[in-house]
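Data first, discussion second: the structure below is written as structure tokens.
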Amino acid sequence: MGVTIPDSPIVAGAATTTYTTPANNKDAARFLSQASPGATKAQITAMQAMSYSAWIDAQFALPRSQTNVDWLSSQGYGSTAYLGHADGLDNTVWRKFISSPDLLRQRITLALCEIFVVSIDGLNAYYPQFSVGYFLDVLEGNAFGNYRTLLYDVSRSAAMGTYLTYVGNQLGDPATGSEPDENYAREIMQLFTIGLYKLNNDGTQVLVNGAPVETYSQADVSGLARVFTGWFNDTSSGTETPVAFTRPMVQVNSLFEEGAKTFLGTTIPAGPKTLAGALDSLNRALDTLFNHPNMPPFVCRQLIQRLVTSNPSPAYVNRVANAFINNGSGVRGDMKAVIRQILLDDEARNPFISTTIAFGKLREPVVRFLNWARGWAATSASGAWNIGDLSSAADGLGQSPMHSPSVFNFFRPGYVPTNSDLGKYNLNGPEFQITNESTVSGYVNFMQRAVSGQILTDLKPNYGTLTAIAANSGALLDEINLVLAGGELSAATLATLKAAVDTISADNDTGKLNRVYAALTLVLASPEYIVQK
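Just add 91 to the spot in the sequence shown (first one is 1) and you have the numbering used here.
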């Protein structure tokens with residue numbers, strides 16, 4: 092049984108921006124829950140005084156903070172002591188996501204690294220932290236750019252070349268029957284550009300005789316794989332140096348397949364065994380994918396899922412896809428136009444739509460952790476950001492950036508939870524794929540210890556505003572509710588939490604701090620917070 096995601100009269104049709112400014116701090120907090128990794132009360136208050144569009148413009152104008160590669164170098168991770176080790180990657184990843192002032196860019200970077208997936212686990216590189224750090228810099232650098240440029244930069248990155256096994260990919264040999272590695276050719280189509288099935292511009296499947304239509308065949312994969320030959324890491328400065336992993340891959344011309352390459356109804360003509368010939372083939376292939384009609388709805392629906400709701404209406408997807416197709420100035424793939432449409436669309440901003448059963452998303456564990464750390468301006472006491480890999484379900488979050496178990500991320504965009512109301516109505520709930528009894532209890536235990544400083548002792552949140560009001564448990568919970576949950580906790584839930592917090596004496600500083608710990612943990616564990624509306 093399926094359920095139709097309605098095209099409400101409020102949101103159907105042409106793109107509208109009825110809700111241009113936050114009516115109150117709850118609206119401001121809700122907007123920031125979609126547009127940032129987390130925000131302090133002061134940032135929520137500042138956002139409330141602006142229009143949504145003005146806030147986005149201000150974020151677009153912010154400069155990038157120190158790159159991952161530069162930070163790794165500054166901390167000495169380029170020395171031979173770290174050769175072959177992953178040390179430093181987690182440090183710089185958390186540094187960026189927790190402390191970088193460009194909130195929107197960091198949120199988009201987090202979304203992109205869950206679409207263009209690279210994992211440091213098992214990555215075969217002399218300096219894997221530099222390889223993956225550079226890859227994250229590529230995503231961040233293109234977050235407000237053009238998706239076509241992003242595809243090009245990803246395709247030439249050493250991390251992706253290694254992770255999806257086309258670095259060193261060689262042309263086929265008819266004598267032995269060997270063929271070029273097809274891994275990246277398959278995944279760039281399936282995961283990064285056009286998906287498995289043909290789509291209408293609103294993200295619904297094209298059906299022929301009631302059945303979906305595949306977007307590509309095995310022959311298309313084989314044809315495209317011939318493009319990704321002859322690419323190697325740039326070792327001009329030496330093989331065992333970080334620099335080799337922070338430059339675009341280069342060509343070994345003798346290993347490039349110069350023959351014609353046919354895929355998706357396009358034939359790339361034969362070209363010379365030169366860098367120019369290889370780049371021409373690459374650009375023609377990427378242009379074919381970029382201009383495919385599936386590209387806008389396939390990519391845009393995933394971005395909506397990452398930021399706003401797991402089950403956007405077809406009309407919402409169509410409006411965002413149209414922004415991808417044309418930014419208003421005839422430019423295709425403009426990420427700024429796409430981001431603006433996702434966040435300003437009435438389906439995202441309308442507070443009445445947010446209460447419908449199909450709207451919203453489960454906050455993934457990493458986002459919940461960042462909401463807390465960002466919400467109280469956590470800093471690193473040592474400056475080293477010693478947080479580590481949190482992907483253990485037993486004693487971590489069950490998720491950690493750049494530690495995905497496969498190219499399919501920790502969860503799939505089309506995942507439908509079984510034995511649930513979402514499953515009953517065939518609704519997507521991607522983040523539920525990593526949600527079970529073990530991960531739920533592991534998350535709560537981890538956050539309880541993190542909040543109280545029993546673990547992650549290098550991470551120092553600023554609870555000053557909370558301890559100042561801790562004697563008033565109602566005020567304490569109201570502030571935490573606003574900062575973490577956008578004010579979504581019901582009166583009944585707040586009353587239950589208040590009764591629990593009130594069992595802790597606030598007669599001294601220790602008691603007040605214990606109240607803060609308890610209130611934060613209880614809200615972080617609340618289903619009304621965990622589901623982002």
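Each residue gets a CB set at the ideal place from its N, CA and C atoms; glycine is no exception.
Start and end residues, alpha helix (DSSP H) containing residue i
i: I416; result: P405 to I416
i: I430; result: M426 to L435
i: D228; result: P219 to G232
i: R503; result: Counting along the chain, R503 falls outside any alpha helix (DSSP H), and DSSP gives it neither H nor E.
i: Q539; result: E528 to V542
i: F381; result: L366 to F381
i: T594; result: Run containing T594: none; DSSP gives neither H nor E here.
i: M493; result: Counting along the chain, M493 falls outside any alpha helix (DSSP H), and DSSP gives it neither H nor E.
i: S164; result: N159 to S165
i: D212; result: Premise fails: D212 is in no alpha helix (DSSP H) and is neither H nor E.
i: R239; result: Y238 to S246
Which of helix, strand or coil DSSP assigns to residue i
i: T470; result: strand
i: T111; result: coil
i: K132; result: helix
i: A144; result: Strictly speaking, residue 144 in this sequence is Ser, with Ala absent from that position. DSSP places S144 in helix when its eight states are reduced to three.
i: D178; result: coil
i: E205; result: coil
i: D118; result: helix
i: E273; result: coil
i: W476; result: coil
i: F323; result: strand
i: P669; result: Missing from the structure shown is residue 669; the chain here goes from 92 to 624 and no further.
i: P100; result: Low confidence applies here, because P100 scores a pLDDT of 36, under 50, leaving its location unreliable; read the following figure in that light. Here P100 sits in coil by DSSP.
i: Q342; result: strand
i: L567; result: helix
i: K624; result: coil
i: V318; result: coil
i: V607; result: helix
i: Q281; result: helix
i: L398; result: helix
i: Q296; result: strand
i: L453; result: strand
i: P387; result: helix
i: P618; result: helix
Distance between beta carbons of residue j and residue i, contact taken as under 8 Å
i: Y506; j: P496; result: Not quite, the Cβ-Cβ distance comes to about 14 Å (not below 8 Å), so this is no contact.
i: P154; j: L201; result: At roughly 19 Å, the Cβ-Cβ gap does not stay under 8 Å, so P154 and L201 are not in contact.
i: Q125; j: L557; result: Not confirmed; about 24 Å, so no contact.
i: L568; j: L585; result: 6 Å
i: V245; j: V223; result: The pair is not a contact, with the Cβ atoms about 13 Å apart (cut-off 8 Å).
i: Y218; j: P333; result: 4 Å
i: L163; j: T183; result: 6 Å
i: L242; j: N159; result: That pair is no contact at about 20 Å.
i: R606; j: A561; result: 4 Å
i: I199; j: I416; result: About 19 Å; that fails the 8 Å criterion.
Status (buried if at least 16 other CB within 10 Å, exposed otherwise) for residue i
i: P363; result: exposed
i: G104; result: Residue placement at G104 is flagged as unreliable, the pLDDT there being 40, under the threshold of 50; a coordinate-derived value is accordingly withheld.
i: I101; result: The predicted model places I101 with a pLDDT of 36, which falls under 50 and marks its position as unreliable; any figure quoted below should be read in that light. Under this definition I101 is an exposed residue.
i: E331; result: exposed
i: F443; result: exposed
i: T306; result: buried
i: E528; result: exposed
i: H176; result: exposed
i: D425; result: buried
i: Y608; result: buried
i: D486; result: exposed
i: T284; result: buried
i: L174; result: exposed
i: D593; result: exposed
i: T400; result: buried
i: G329; result: exposed
i: P618; result: exposed
i: N382; result: exposed
i: I448; result: exposed
i: G179; result: buried
First through last residue of the beta strand (DSSP E) which encompasses residue i
i: K289; result: It is not in any beta strand (DSSP E) - K289 carries neither H nor E in the DSSP assignment.
i: T358; result: T357 to I359
i: K352; result: K352 to F354
Short CB-CB distance (under 7 Å) between residue i and chain C
i: L287; result: Looking at the structure shown, chain C is missing, and only one protein chain is on hand.
Using 8 Å as the cut-off, can you tell me whether the stretch 566 to 578 makes contact with the stretch 112 to 129, which would need three or more C-beta pairs spanning the two stretches below that distance?
yes
Are three or more beta carbon pairs between the stretch 348 to 364 and the stretch 309 to 317 nearer than 8 Å?
yes
Counting pairs of Cβ atoms below 8 Å between the stretch 457 to 468 and the stretch 505 to 519, do you hit three or more?
Here the stretch 457 to 468 makes no contact with the stretch 505 to 519; the two share fewer than three CB pairs at distances below 8 Å.
Any contact between the stretch 546 to 556 and the stretch 470 to 480? By contact I mean 3 or more CB pairs, one from each, below 8 Å.
yes
Counting pairs of Cβ atoms below 8 Å between the stretch 342 to 350 and the stretch 386 to 393, do you hit three or more?
Judged by pairs of C-beta atoms under 8 Å, the stretch 342 to 350 does not touch the stretch 386 to 393, as fewer than three such pairs exist.
Determine, using beta-carbon pairs with one atom in the stretch 185 to 196 and one in the stretch 254 to 267, whether at least three such pairs fall under 8 Å.
no
Given 8 Å, three or more beta-carbon pairs between the stretch 404 to 412 and the stretch 273 to 293:
yes
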